[in-house]
Amino acid sequence: MLTHEYSYETCLEGSVRNAWTVDDCFRGRDFDFAKPFLPDRIAGVSAIGCLSDDEKRMLNQIRGNSYCHIFAFVEEYIVPMVVDHARRDVYGDETRLWTLLRFAEEEVKHQEMLRRACDQFEAGFGASCGLVPGREDVAGAVLATSPLTALLLTSMIEWFTQLHYVEHVRDQAELDELFRDILRFHWIDESRHARMDSLLIDEVANSLPADEREKAIDELLVLGGAVDGLLAQQAELDIDALQAATGRTFTETERDEIRTHQLRAYRWTFLVSGLEHPNFVGIVEQLTTSGADKLSQAATALSA
Ligand SMILES: [Fe+2]
Ligand SMILES: [Fe+2]
Numbered sequence: 002m003l004t005h006e007y008s009y010e011t012c013l014e015g016s017v018r019n020a021w022t023v024d025d026c027f028r029g030r031d032f033d034f035a036k037p038f039l040p041d042r043i044a045g046v047s048a049i050g051c052l053s054d055d056e057k058r059m060l061n062q063i064r065g066n067s068y069c070h071i072f073a074f075v076e077e078y079i080v081p082m083v084v085d086h087a088r089r090d091v092y093g094d095e096t097r098l099w100t101l102l103r104f105a106e107e108e109v110k111h112q113e114m115l116r117r118a119c120d121q122f123e124a125g126f127g128a129s130c131g132l133v134p135g136r137e138d139v140a141g142a143v144l145a146t147s148p149l150t151a152l153l154l155t156s157m158i159e160w161f162t163q164l165h166y167v168e169h170v171r172d173q174a175e176l177d178e179l180f181r182d183i184l185r186f187h188w189i190d191e192s193r194h195a196r197m198d199s200l201l202i203d204e205v206a207n208s209l210p211a212d213e214r215e216k217a218i219d220e221l222l223v224l225g226g227a228v229d230g231l232l233a234q235q236a237e238l239d240i241d242a243l244q245a246a247t248g249r250t251f252t253e254t255e256r257d258e259i260r261t262h263q264l265r266a267y268r269w270t271f272l273v274s275g276l277e278h279p280n281f282v283g284i285v286e287q288l289t290t291s292g293a294d295k296l297s298q299a300a301t302a303l304s305a
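Residue 150 in our numbering sits at position 149 of the sequence shown, with consecutive numbering throughout.
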C-alpha cells in the first residue's frame, strides 16, 4: 500500500551497526547553563519583549528540560505498541522479530536518556521546574485507538524528531553541547524507526477497508487535540518555573505575552512540524483520500 524502499534487514543492520548506550551520549558531562539549549524555532523566546536576554536564556533552558520530558512522555506508549506488533508473528520471520525487539529496546533506552537529562537539569538549574504528570494516561489513550492510528502518531513523531535535529540543531554551535548530543543520539535511532513505522503501517493498512483508514486520521487529530492540552498545561508550568528562577512576579499582561509566544512555539514543535512533514503527509496521501487535507487544516488552525 505504501511506496517505500525499506526492509527489516537493512533496519536491523543499521540498528546493530549504530548501537549506542546512554553513557556514550552523556560521557560524564553536565549542561553548560551559560548557553541556550534549543534553537529559537523550538524555544520561541527571542521575540518576548518583557524578558531580558538572561531571562530568555533561562526560559530556553526550561524549554529544553520540558522538551526531554514531553518526548519521554509521548513516546511512552511506543514500547508496548511495538512489542505487540512483534508478538503477532513470534514464530515467523526472525529478522522482523529481532528488528522490532531492538526498536522497543531503543525506545526504553530513550526513556532512560531523557529521564537522566531531566534529573541532571533539575540538579544543575537552581530552581525546581514543574513537568506535566500523567504519562501512563496518555499512553493508555493512544493504545486505545486503532493500531493504524497509534502507528501514524509514531510515524509523525519520528519524522519531526529528525527534522528538529537536522534542520534546527545539528549546525547550531552556540547551543549547549550535551543537549545537542542528546538530540543527535535520539535522531540516530529515530531516522531508522521512521522507516520501521512505514513497514508496520504497510502491514496494518493492507487489510483495512478505506473507511477505517480515513477514520484513523480523525482519531489521530483527536490525539493531537489531547497533546495540545498537555502543551498548554506545560506552558503554564514553564512560566511558573521562570518566575521561580528569576525571582520576578509577572503581571497578567507579561504572562499573556509569554504564553502567546510559548504556545505558538510548543504547537509548532510537537504538532505542526509533524502535521506538515512532507514524508508524513506523503504516507497519509497514500493511505487516504481526505487525510492530507485534514492534516493541513489542523496545522493551519494550530499556527494561527
Ligand atoms: Fe524515541
Ligand atoms: Fe523512535
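Glycine included, C-beta positions come from ideal geometry on N, C-alpha and C.
State yes or no: is the C-beta of residue i within less than 7 Å of the C-beta of residue j?
i           : j           : result
residue 19  : residue 160 : no
residue 121 : residue 73  : no
residue 115 : residue 69  : yes
residue 157 : residue 45  : no
residue 75  : residue 109 : no
residue 199 : residue 163 : no
residue 152 : residue 201 : yes
residue 7   : residue 96  : no
residue 83  : residue 104 : yes
residue 273 : residue 303 : yes
residue 299 : residue 222 : yes
residue 177 : residue 57  : no
residue 12  : residue 146 : no
residue 245 : residue 267 : no
residue 102 : residue 118 : no
residue 180 : residue 38  : yes
residue 144 : residue 166 : no
Among the candidates the options, whose CA atom is the shortest distance from the CA of residue i?
i           : options               : result
residue 55  : 196, 34 and 163       : 34
residue 239 : 254, 262 and 219      : 262
residue 231 : 152, 190 and 264      : 264
residue 247 : 70, 62 and 267        : 62
residue 124 : 87, 142, 199 and 31   : 31
residue 21  : 106, 216 and 89       : 106
residue 135 : 227, 146, 223 and 300 : 227
residue 217 : 101, 169, 148 and 273 : 148
residue 392 : 23, 40 and 24         : The question about residue 392 has no answer here: the residues shown for the chain are numbered 2 through 305.
residue 67  : 241, 53, 97 and 144   : 241
residue 24  : 237, 259, 233 and 182 : 182
residue 186 : 26, 17 and 10         : 26
residue 42  : 153, 141 and 169      : 169
residue 220 : 150, 176, 178 and 212 : 150
residue 15  : 205, 190 and 215      : 190
residue 249 : 11, 53 and 38         : 53
residue 287 : 214, 11, 260 and 166  : 214
residue 78  : 244, 59, 155 and 118  : 155
residue 133 : 64, 172, 86 and 206   : 64
residue 253 : 28, 51, 29 and 12     : 51
residue 277 : 294, 129, 266 and 180 : 294
residue 142 : 236, 224 and 205      : 224
residue 196 : 259, 284 and 289      : 284
residue 128 : 60, 48 and 257        : 60
residue 137 : 71, 28 and 130        : 71
residue 85  : 205, 251, 172 and 229 : 205
- Query: Counting only runs that start and end within the stretch 104-128, where is the alpha helix (DSSP H) found for 4 or more residues in a row?
  - Reply: none
- Message: As an exercise, report each continuous beta strand (DSSP E) stretch of at least 3 residues that is fully enclosed by the stretch 152-227, in chain order.
- Response: none
- Query: What runs of the alpha helix (DSSP H), each 4 residues or longer, lie entirely inside the stretch 271-296?
  - Reply: 279-288
- Scan the stretch 15-53 and note each continuous alpha helix (DSSP H) run of 4 residues or more that stays entirely inside, going in chain order. Complete alpha helix (DSSP H) runs here, min 4: 23-27 and 41-44.
- Would you list, in sequence order, the uninterrupted alpha helix (DSSP H) runs of no fewer than 4 residues that lie entirely inside the stretch 223-271? 253-268
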